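Numbering (my numbering), first residue to last: 3 to 142.
Since the structure comes first, as structure tokens, the remarks are kept for the end.
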């Protein structure tokens, strides 16, 4: 009955209002340094689609002129729930900012010890071995 009335009135849920009650924005920022690695563009698009499938929204924060700290500051201004960093140029200040504001941090293709962050990447040595084994097997 309530849902019918809402539909009849053309009601649309307000994500900003909902975030005030839940204290969660549903936003995930991606700090992207695409100039250093074009694969980050593909990864970011895939991540964005998956985040949206799960009910979140993405804020893209391009890293301009190696200024990761500025990209993170922009993300924090929007009170993002999480930040995915796709760059090879990491700074300790970047980690400190995320920790200070309680932003969950994930790194792509990087692992840094002693920080509270998730990390996703590949094992380059294993990948190289598998590639070499494949080429030997195919006699290429």
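Backbone N, C-alpha and C define an ideal beta-carbon position, used for all residues, glycine too.
Computed from a predicted model, the values in this text were never measured in an experiment.
Residue j beta carbon less than 9 Å from that of residue i
i          : j          : result
residue 74 : residue 50 : no
residue 33 : residue 85 : yes
residue 30 : residue 61 : yes
residue 54 : residue 17 : no
CB-CB length for residue i against residue j, believed under 8 Å
i           : j           : result
residue 99  : residue 71  : 7 Å
residue 46  : residue 82  : So it is not a contact: roughly 15 Å between Cβ atoms.
residue 109 : residue 118 : Not confirmed; about 11 Å, so no contact.
residue 175 : residue 65  : Summary: the structure shown does not reach residue 175, with the chain confined to residues 3 through 142, and so no result is reported for it.
Beta-ladder partner(s) of residue i, from DSSP
i           : result
residue 60  : 30
residue 110 : 122
residue 117 : According to DSSP, which records beta bridges pairwise, residue 117 is partnered with nothing at all.
Cβ neighbour criterion (16 or more within 10 Å) applied to residue i
i          : result
residue 48 : exposed
residue 87 : buried
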